[in-house]
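Residue numbers (this note's numbering): 2 to 57.
Glycine included, each C-beta is placed from N, C-alpha and C at the ideal position.
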(Lines of atoms letter the chains of each structure in order from A; the text may use other names.)
(Lines give C-alpha, C1' and ligand atoms only; values in the text may rest on other atoms or scores of the structure.)
Protein backbone atom coordinates (compact mmCIF):
# COMPACT_ATOMS: atom_id res chain seq x y z
CA UNK A 2 0.00 0.00 0.00
CA UNK A 3 1.29 3.43 -0.95
CA UNK A 4 1.49 5.90 1.95
CA UNK A 5 1.87 9.57 1.02
CA UNK A 6 3.84 11.85 3.31
CA UNK A 7 4.27 15.61 3.23
CA UNK A 8 6.71 18.11 4.67
CA UNK A 9 5.64 21.71 5.11
CA UNK A 10 7.89 24.76 5.24
CA UNK A 11 6.18 27.42 7.34
CA UNK A 12 7.87 30.79 6.92
CA UNK A 13 7.33 34.00 8.85
CA UNK A 14 9.24 37.28 9.06
CA UNK A 15 11.05 35.71 12.04
CA UNK A 16 12.23 32.63 10.12
CA UNK A 17 11.21 29.04 9.36
CA UNK A 18 9.21 26.85 11.76
CA UNK A 19 11.37 23.93 12.95
CA UNK A 20 11.30 21.64 15.97
CA UNK A 21 13.34 19.02 17.79
CA UNK A 22 12.12 15.68 19.17
CA UNK A 23 13.12 15.59 22.87
CA UNK A 24 13.19 11.76 22.76
CA UNK A 25 15.49 11.74 19.69
CA UNK A 26 17.89 14.72 19.91
CA UNK A 27 20.34 12.97 17.57
CA UNK A 28 17.92 13.56 14.67
CA UNK A 29 18.39 17.33 14.84
CA UNK A 30 16.04 20.01 13.59
CA UNK A 31 12.96 18.95 11.64
CA UNK A 32 10.19 20.64 9.70
CA UNK A 33 6.51 19.77 10.26
CA UNK A 34 5.14 16.89 8.26
CA UNK A 35 2.78 13.99 8.36
CA UNK A 36 0.72 11.44 6.53
CA UNK A 37 -1.75 12.48 3.86
CA UNK A 38 -5.01 10.63 4.43
CA UNK A 39 -6.30 8.35 1.69
CA UNK A 40 -8.24 10.44 -0.83
CA UNK A 41 -7.03 13.74 0.66
CA UNK A 42 -5.47 16.26 -1.71
CA UNK A 43 -1.93 17.25 -0.64
CA UNK A 44 -2.85 20.93 -0.87
CA UNK A 45 -5.78 20.43 1.52
CA UNK A 46 -3.55 18.53 3.97
CA UNK A 47 -1.10 21.44 3.97
CA UNK A 48 -3.92 23.95 4.33
CA UNK A 49 -5.34 22.07 7.35
CA UNK A 50 -1.91 22.10 9.00
CA UNK A 51 -1.52 25.81 8.29
CA UNK A 52 -4.84 26.58 9.99
CA UNK A 53 -3.75 24.56 13.06
CA UNK A 54 -0.47 26.49 13.30
CA UNK A 55 -2.24 29.84 12.99
CA UNK A 56 -4.54 28.99 15.90
CA UNK A 57 -1.69 28.25 18.34
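Helix or strand or just coil, what does DSSP make of residue i?
| i | result |
| --- | --- |
| residue 17 | strand |
| residue 8 | strand |
So residue i packs on residue j, CB below 8 Å; how close in whole Å?
| i | j | result |
| --- | --- | --- |
| residue 54 | residue 11 | 6 Å |
Beta strand (DSSP E) runs contained entirely in the stretch 22-55, provided each spans 3 or more residues: 34-36
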